[in-house]
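Chains as they are written, first to last, in our numbering: chain A, 57 to 467; chain B, 33 to 355; chain C, 193 to 625.
Just so you know, even glycine gets a beta-carbon here, dropped at the ideal spot from N, CA and C.
These numbers were taken from a predicted model, which means no experiment stands behind them.
Have a look at this one:
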């Protein structure tokens, strides 16, 4: 009995030979179960929505786009198994975003796989892993990133802070892993160059996703006399940090990367930080561009979340454009077409470019604060009644950081 | 200038002490049940923290329907009833398969509870708010507010601690439980219904964990991974305090609460104490150790304590039995 | 001592017994050789490789749990450290062009595991039981957390990677393609199984069992249980290191997840599910759990729930694990009375399956309503399509659960009676095991 059950369980896995390619399959490798699943599912639905949008216009080169989900449980090893499964199932394009450790493992895997299996290349589209190393020391020809890496975001953020005279004492609090580390070091070096007068009164790294009460950390921020805080915290590490600071009555300006993540807006509203929390991103609702507003409306009508991954829109539309340009769905040709490609970003805010040197996409960046709305800001977040308001727009030219990437191209 | 500096330090110490004691008391609410279950049934209840989580989610749901105050009582009762059912229909059956089977049973249970919670309430944090009647600062220390709700949490946990002490020392049930802690077989020989006592203890223990969940839910995060975050720390508390020793669990809870809170507020590192390493070593593993701050190693402090205790004093701080 | 041992030891096995014994090993080797010819896709080869690694790891864990009675919560420490050292070794060997081929590299992992087990084991194995379990938990948490602090060695949460094809090549094997890795893992798995089986036959292996069953008696006989536990711990560490090394070679990356609680928990699960009482138990468990964890997440988004429920069911109803369950039938098979229970099994199977199907239907429908309320209600789980919001689905689910439960309980009672009868007959015929 049990053996039969096992055979039954194994069969779908072993029989996975590639069918004739009638669809363009994009393997979505992200957490769909466990702790990271809430984020992974938002991404999955966003990509599905985008695939439907492309299919409504006839697909890519006449072929339907299909998003095939693979649950990687936010684990690098598991991601590699899932990538292998995806390849067995006829997937030539994979996309992933959650976790730079996963992204690092996947780039490595894709590069080695393509080297060892010429003619069967796969491409890796990264929509949210922001570790700068992926487009610098560890860059790969097969990896393309649509999200601005954390250094680019910090470049944009510090360009804005350059002119904010009310910042005098700054506190850095970040998660103790590679992303938090890069936020903190980039903030320090960039501010030193742009605003040497800002005093950095604290520089904290706390364990990732393990803190249940941030009160001790907030006590420290309070004791330092800081007026502004930079944090790369996301998820519960952000929500709990704000909750604790509201409890302690800490009133500072927050400069963040991921305040807009699930639970973030609710936490800001609860902490009553009206337009005191800023976020740097490549797009937010309420920018006033008609096409972006229409897209936002359509997405919200279908799902109960707002557009959290504007870069995914750029990614999917640009992929379609590159395939049309190359007149082929061969990953090598699509990759060649994507290199250096210029593209009108989804919201109509200007042009972006996929830099050939490192496969990093440069696009207009926006700094926005979260708080009460005027009639210019139609969209609220998480039913809080509050919404985003643009504080500044940073053009791509201003964030073109140099890269150390030495790209190895296939012959 | 000097006096202002001292004020900041003093403020940090007072706030950290309050936070540490509060965290410690929360730990104790859970550890008290765990240690009694552990020593009576011999079960390492991996699912104990899951009942803490269930408490928080039940509390959240019930407070939506009928308000926070009824929830404070109903949620622990529900969770306790569930705990008693788990003992009666699950653990008792598994008991004859041995200790490893019992442990794996609770392991699997923790797994299943987490998934069920995710199915019902989703995977992201739920919006469990502090009741409006307690949403104000209790007092100010220099420039920092201390929220009233946290004082309430502190009071509840102290009240339960005192209540538990009285029940254990004065009531008949308490005496039987105490006897069963050290001589479980003897109690059975004396004609007490050990099965019912076990069920009761399991129910009360899980209900206490659920109380901790209800009161901690609004102050901390109410999310499906909250059990997994606290579970291992609970074992540390129970072992460090000494198995079967309630005062030991109390001391260990406070100790770990304070150690973790204070370690967080310290920035010292070897580099800070002895100056930076020579450039020859700047890229080696030595520089990692040199640069790490006390705050960064705060989360592993409990485990260091656990290993040291088990090596040098295996019966725990106040325990009488060897583990 | 030796006299006593020799007089108690069984007589030398007959030639036919020996042929049977070696025949099994040769059959396993042949099976491993032809397996990739039958299932050749990349995913299948990866799965087989992972199963092989998991077999070594679970068997090494059973040296502790099954043979010596030590419940460890931190066995992944030795697995992980082995993996890390191997990645470093591959990088060093590749950079310096040392004439060391990849197939011998797993030894590095084994020796690393051995080294750390020898280092940390002396203190941990002083006591058995709960104290050992808690120390292993503490040590595991310490090492896993330190791995995130010592970034230069462990590479933070991203880990460190290596390229296995850059090593000295024997017979022109590059070890790039997965099939070559499969054969490497298969060879090492076979070697490790033989070595660990041999270990259980040595005097040390026997003393381990004695320490597990009655440490006081061992002391009276003149052995130190601590030393025996320590030796068992070291052997377990060695083989865990080999398993970690193979995993590192397979993925070409090592990160802190190798050392973590999840990895330690998985090996405990596989070993226990397979059955700790038999040598073959962990092998069965490793195959089953690895295949299940890889395939279940494809079938349903709440695979963890099924995983948890399945474990609870095994722990409650089959404490001997899968192997224990199968081995229960040995006396019946040998006594020729297995035929008497089979009809009862078949009868019990139908309502049990109905019950399981009803549960799955209910769970999947509930999941659909809480997780994706707005989506298309026609959902698919385990290959079945159904409408999650249709009342018919709910009625069917309810009917299957209630009806299945009531009928299944009755059929299982009958099965138990049939079983008892069959066993009594088998016992009367002289077959007790």
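Coarse secondary structure for residue i, derived from DSSP in three states
| i | result |
| --- | --- |
| residue 467 (chain A) | coil |
| residue 455 (chain A) | helix |
| residue 170 (chain A) | helix |
| residue 87 (chain A) | coil |
| residue 265 (chain C) | coil |
| residue 223 (chain A) | coil |
| residue 429 (chain A) | coil |
| residue 587 (chain C) | helix |
| residue 147 (chain B) | helix |
| residue 495 (chain C) | helix |
| residue 266 (chain A) | coil |
| residue 450 (chain C) | helix |
| residue 176 (chain A) | coil |
| residue 77 (chain A) | Residue placement at residue 77 (chain A) is poorly supported in this model, since its pLDDT is 49, which falls under 50; the coordinates still yield a value, given next. Three-state result, residue 77 (chain A): coil. |
| residue 153 (chain A) | coil |
| residue 260 (chain C) | helix |
| residue 182 (chain A) | strand |
| residue 201 (chain A) | strand |
| residue 417 (chain C) | helix |
| residue 444 (chain A) | strand |
Chain-ordered chain B contacts of residue i [CB-CB under 7 Å]
| i | result |
| --- | --- |
| residue 343 (chain C) | 320 |
| residue 292 (chain A) | 157, 253, 255 |
| residue 282 (chain A) | The contacting residues do not exist; residue 282 (chain A) stays about 12 Å from chain B at best. |
| residue 279 (chain A) | 40, 43, 44 |
Among the options, nearest to residue i - alpha-carbon criterion
| i | options | result |
| --- | --- | --- |
| residue 634 (chain C) | C:268, C:229, C:429 | Past the boundaries of the shown model lies residue 634 (chain C); chain C is included only from 193 to 625, so the question cannot be answered. |
| residue 111 (chain B) | B:88, B:100, B:230 | B:88 |
| residue 254 (chain A) | A:265, A:281, A:274, A:161 | A:281 |
| residue 432 (chain C) | C:340, C:253, C:219 | C:253 |
| residue 617 (chain C) | C:239, C:524, C:365, C:503 | C:524 |
| residue 219 (chain A) | A:448, A:183, A:148, A:203 | A:448 |
| residue 343 (chain C) | A:323, A:216, A:191, A:233 | A:233 |
| residue 152 (chain B) | C:308, C:556, C:615 | C:556 |
| residue 591 (chain C) | C:450, C:548, C:623 | C:548 |
| residue 85 (chain A) | A:274, A:267, A:161, A:275 | A:161 |
| residue 156 (chain B) | C:256, C:562, C:554 | C:562 |
| residue 134 (chain B) | C:593, C:508, C:623 | C:508 |
| residue 172 (chain B) | A:168, A:304, A:293, A:423 | A:304 |
| residue 199 (chain A) | A:369, A:413, A:452, A:444 | A:413 |
8 Å Cβ cut-off: residues of chain B touching residue i
| i | result |
| --- | --- |
| residue 515 (chain C) | Under the 8 Å cutoff, chain B gives no residues; its nearest Cβ is about 15 Å from residue 515 (chain C). |
Cross-chain neighbours of residue i in chain B, by beta carbon under 9 Å
| i | result |
| --- | --- |
| residue 499 (chain C) | 140, 143, 144, 147 |
| residue 273 (chain A) | 296, 297, 327 |
| residue 252 (chain A) | In chain order: nothing, as chain B lies at least about 22 Å away. |
Which residues DSSP lists as bridging residue i, in chain order
| i | result |
| --- | --- |
| residue 53 (chain A) | Only positions 57 to 467 of chain A appear in the structure, and residue 53 (chain A) is not among them; the question remains open. |
| residue 261 (chain A) | A:230 |
| residue 122 (chain A) | A:81 |
| residue 422 (chain A) | A:337, A:449 |
Where residue i meets chain C, residues with beta-carbon distance less than 7 Å
| i | result |
| --- | --- |
| residue 343 (chain B) | 315 |
Neighbour list for residue i in chain A, Cβ cutoff strictly below 9 Å
| i | result |
| --- | --- |
| residue 445 (chain C) | 132, 133, 136, 160, 161, 164, 165 |
Contact set between residue i and chain A, taken where Cβ atoms lie within less than 8 Å
| i | result |
| --- | --- |
| residue 355 (chain C) | 168 |
| residue 55 (chain B) | 269 |
Within chain C, the residues that residue i reaches when beta carbons sit closer than 8 Å
| i | result |
| --- | --- |
| residue 125 (chain B) | 508 |
Output needed in chain order: residues of the stretch 312-344 of chain C with a Cβ under 7 Å from some Cβ in chain B.
For the stretch 312-344 of chain C, which is checked against every Cβ of chain B, the residues closer than 7 Å are 315, 319, 322, 323, 326, 327, 329, 330, 331, 333, 334, 337, 341, 342, 343, 344.
Requested in this report: Using a Cβ-Cβ cut-off of less than 7 Å, give me the residues of the stretch 37-53 of chain B that come near chain A, in sequence order.
Outcome: From the stretch 37-53 of chain B, only 40, 43, 44, 47, 48, 51 have a Cβ closer than 7 Å to chain A.
**Message:** Counting only Cβ-Cβ distances shorter than 7 Å, please list the residues of the stretch 119-153 of chain A near chain C, keeping chain order.
**Reply:** Of all residues in the stretch 119-153 of chain A, 127, 131, 132, 133, 136, 137, 140, 141, 143, 144 have a Cβ within less than 7 Å of some Cβ in chain C.
(request) Closer than 9 Å, Cβ to Cβ, to anything on chain B: give me those residues from the stretch 305-321 of chain A, in chain order. (result) Listed by position, the residues of the stretch 305-321 of chain A near chain B (Cβ gap below 9 Å) are 305, 306, 318, 319.
Open item on the list: Beta carbons nearer than 7 Å to chain B: which residues of the stretch 248-264 of chain C have them?
Closed with: Residues 263.
With 8 Å as the limit, tell me which residues of the stretch 259-272 of chain B have their beta carbon closer than that to any beta carbon of chain E; keep them in chain order.
Included in the structure are the protein chains A, B and C, with no chain E among them.
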